[in-house]
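Chains as they are written, first to last, in the working numbering: chain A, 594 to 670; chain B, 3 to 356.
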């Protein structure tokens, strides 16, 4: 299933409970969002597993900066 | 990829013991109420039974109390017990093996083969496969598998990812060699030491002996502080690894030893944290009614989680019926195991406290 970048940004935004969806764009540096933490990271990893059937690790998340970076990383896996 | 299929062995009884002392997560002083609530919601842990780690209660004490009761209820003669395996990371001493200590304290015969296995969360299924494999030789007739940990000793109070998660428990499973009436015990095992740094107590072994630096409280940001003598767990890495590899293990088991999902009565997941467990339950496609939890009351009790779950949630059913059980664990190592165990009509006393 090929998900477009903008759809991915929306799905990514849904993993956050307290941050409005409008704050998320492809160039958002997601680790700078106040709500970001290990609990949200778990939710993102689970989402990527469910949507793409691919495994993203903690190290992968540490190595990318923007949501678009993460999207590109997933495409390469 | 390793498979074991144990024949001619029957589980005759199971018992468990936890510390009476309870720590309520809502009373944690280092986080605001809303954050504690979030942790409780995600991990599923409301409270844990934890020993005071002054030597007064060790894992062996919890296992011994459970074993004395189980042996009495089974009507076993201790002199017939030929094998004792103790599976834990929280041994009485660095040496000798805790199994030797227990052999003497319990008055088991000196003819008993007894040894320790050093494992955490995967300990029950690895221990069960090992003890079953030895028993099926037929020369030893009765065996005890003790699995537990007082791993809350490794949690730094200032590391909420560990402190609010880890609980203590000791369990015992009694098995017999039996050709006429035996259980199905099929296992799949996987070891991946590339994940060894994800769950580790860095200092205190031979690789990094204790030194002055071992006692320094290090700040890992986000309010997390621990020393090198505390357990460090990279929760995100473990979660990522488990999501991918636990279902693979179950799939391998099913491919090697086919069974019908419909015929499985219960899926017993290592009680690691509820968020992970629920994701795994859905990936494995089992309905909620077939997947019991006790993590809210006991937390993550390492190798004891599955036997403890059987005692607390399935004890009565296991006394009256045979149950077809699918089990899966992921533990420190990484060490992963999945098993299909058809067993039942066992002696199973109520949960004990110490």
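Backbone N, C-alpha and C define an ideal beta-carbon position, used for all residues, glycine too.
Subject >> Secondary structure of residue 165 of chain B, DSSP reduced to three states >> reply: Note: residue 165 of chain B maps to helix in three-state DSSP.
Original post:
Taking the C-alpha atoms as reference points, what is the distance between residue 176 of chain B and residue 636 of chain A?
Top reply: The straight-line gap from Cα to Cα measures roughly 40 Å.
Subject >> Exposure of residue 73 of chain B, with buried meaning 16 or more beta-carbon neighbours within 10 Å >> reply: Burial call: buried.
**OP:** Kindly indicate which residue of B/299, B/121, B/25 has the alpha-carbon position closest to the one of residue 275 of chain B.
**Re:** Across the set B/299, B/121, B/25, the C-alpha of B/299 shows the shortest separation from the C-alpha of residue 275 of chain B.
Subject >> Min CB distance residue 277 of chain B to chain A below 8 Å >> reply: Yes, because at least one Cβ of chain A sits closer than 8 Å to the Cβ of residue 277 of chain B.
Original post:
Can you list, in chain order, the residues of its chain whose CB lies under 8 Å from that of residue 605 of chain A, leaving out five sequence neighbours each side?
Top reply: The residues are 617, 623, 637, 640, 660, 663.
Original post:
Under the three-state reduction of DSSP, which class applies to residue 77 of chain B: helix, strand or coil?
Top reply: Three-state result, residue 77 of chain B: coil.
Original post:
the segment 238–252 of chain B: which residues have C-beta closer than 7 Å to a C-beta of chain A, in chain order?
Top reply: For the segment 238–252 of chain B, the set of residues with a beta-carbon nearer than 7 Å to any beta-carbon of chain A comprises 238, 239, 241, 242, 245, 246, in chain order.
Original post:
Under 7 Å Cβ-Cβ, which residues of chain A neighbour residue 40 of chain B?
Top reply: Near residue 40 of chain B (Cβ distances below 7 Å), the residues of chain A are 632.
Original post:
If we count Cβ pairs, one from each stretch, closer than 8 Å, do we get three or more for the segment 647–658 of chain A versus the segment 230–248 of chain B?
Top reply: Note that the segment 647–658 of chain A touches the segment 230–248 of chain B; at least 3 beta-carbon pairs, one per stretch, sit closer than 8 Å.
Original post:
Just the Cα atoms here: how many angstroms apart are residue 667 of chain A and residue 293 of chain B?
Top reply: CA-CA distance, residue 667 of chain A to residue 293 of chain B, rounds to 31 Å.
**OP:** Kindly list the residues whose CB is nearer than 6 Å to the CB of residue 251 of chain B, restricted to its own chain and excluding five residues on each side of it in sequence; keep chain order.
**Re:** These residues qualify, in order along the chain: 190, 192, 338, 340.
**OP:** Can you grab the Cα-Cα spacing for the pair residue 161 of chain B / residue 220 of chain B, in whole Å?
**Re:** Straight-line spacing of the CA atoms in residue 161 of chain B and residue 220 of chain B works out to 11 Å.
Original post:
Is there a Cβ from chain B that is less than 8 Å from the Cβ of residue 607 of chain A?
Top reply: Answer no: the Cβ-Cβ gap between residue 607 of chain A and chain B never drops below 8 Å.
Subject >> Minimum Cβ-Cβ distance from residue 161 of chain B to chain A less than 8 Å >> reply: The Cβ of residue 161 of chain B sits no closer than 8 Å to any Cβ of chain A.
Original post:
Do the segment 111–122 of chain B and the segment 92–103 of chain B meet, that is, are 3 or more Cβ pairs less than 8 Å apart?
Top reply: With the cut-off at 8 Å, the segment 111–122 of chain B and the segment 92–103 of chain B touch.
Original post:
Which class does residue 159 of chain B belong to by DSSP, given the choice of helix, strand or coil?
Top reply: Residue 159 of chain B: coil per DSSP, three-state reduction.
Original post:
Given a limit of 7 Å on CB to CB distance, which residues of the segment 279–300 of chain B reach chain A?
Top reply: From the segment 279–300 of chain B, only 281 have a Cβ closer than 7 Å to chain A.
Original post:
Could one say the Cβ of residue 194 of chain B lies closer than 8 Å to chain A's Cβ atoms, at least one of them?
Top reply: Interface criterion not met: the Cβ of residue 194 of chain B is under 8 Å from no Cβ in chain A.
**OP:** Can you give me the Cβ contacts of residue 603 of chain A inside the same chain, cut-off strictly under 8 Å, excluding the 5 residues immediately before and after it?
**Re:** So the qualifying residues of the chain are 614, 617.
Original post:
In chain order, what residues of the segment 110–122 of chain B put their CB closer than 9 Å to some CB of chain A?
Top reply: Taking 9 Å as the cut-off between beta carbons, none of the residues of the segment 110–122 of chain B comes near chain A.
Subject >> Reduced DSSP secondary structure (H/G/I, E/B, other) of residue 303 of chain B >> reply: Coil, per DSSP.
Original post:
Considering residue 93 of chain B, what are the terminal residues of the alpha helix (DSSP H) in which it resides?
Top reply: Segment: none, residue 93 of chain B is in no alpha helix (DSSP H) and carries neither H nor E.
**OP:** Scan the segment 209–238 of chain B for residues whose Cβ lies nearer than 8 Å to a Cβ of chain A and list them as they occur along the chain.
**Re:** Those would be 224, 236, 237, 238, in chain order.
Subject >> Host alpha helix (DSSP H) of residue 44 of chain B (start-end) >> reply: 35–45 is the extent of the alpha helix (DSSP H) around residue 44 of chain B.
Original post:
Residues in its own chain within less than 8 Å of residue 114 of chain B by CB, not counting five upstream and five downstream?
Top reply: The residues 83, 84, 85, 86, 105, in chain order, have a CB closer than 8 Å to that of residue 114 of chain B in the same chain once the five nearest residues on each side in sequence are set aside.
Original post:
Where residue 55 of chain B and residue 94 of chain B are concerned, what is the direct C-alpha to C-alpha distance, given to the nearest angstrom?
Top reply: Here the C-alpha atom of residue 55 of chain B lies approximately 12 Å from the C-alpha atom of residue 94 of chain B.
Original post:
How is residue 259 of chain B classed by DSSP in three states: helix, strand or coil?
Top reply: The three-state reading of DSSP puts residue 259 of chain B in coil, since its state is none of H, G, I, E or B.
Original post:
Taking 8 Å as the CB-CB cut-off, is residue 638 of chain A touching chain B?
Top reply: Closer than 8 Å: yes.
Original post:
Any C-beta of chain A sitting closer than 8 Å to the C-beta of residue 44 of chain B?
Top reply: For residue 44 of chain B, the answer is yes, since a Cβ of chain A falls inside 8 Å of its Cβ.
**OP:** Kindly indicate the opening and closing residues of the alpha helix (DSSP H) around residue 277 of chain B.
**Re:** Its alpha helix (DSSP H) spans residues 276–285.
Original post:
Relative to the alpha-carbon of residue 216 of chain B, which residue among B/356, B/165, B/224, B/233 has its alpha-carbon at the smallest distance?
Top reply: Answer by Cα proximity: B/233.
Original post:
Does the distance from the CB of residue 308 of chain B to the CB of residue 270 of chain B come in under 8 Å?
Top reply: Result yes, Cβ atoms of residue 308 of chain B and residue 270 of chain B sit closer than 8 Å.
Original post:
Alpha carbon to alpha carbon, what distance is there between residue 52 of chain B and residue 68 of chain B?
Top reply: A direct Cα-Cα distance of roughly 16 Å separates residue 68 of chain B from residue 52 of chain B.
Subject >> Three-state class that DSSP yields for residue 2 of chain B in the structure shown >> reply: Residue 2 of chain B lies beyond the range of chain B shown here (3 to 356); nothing can be said about it.
**OP:** Would you mind stating whether residue 375 of chain B and residue 184 of chain B have Cβ atoms separated by less than 8 Å?
**Re:** With chain B covering 3 to 356 only, the question about residue 375 of chain B has no answer from this structure.
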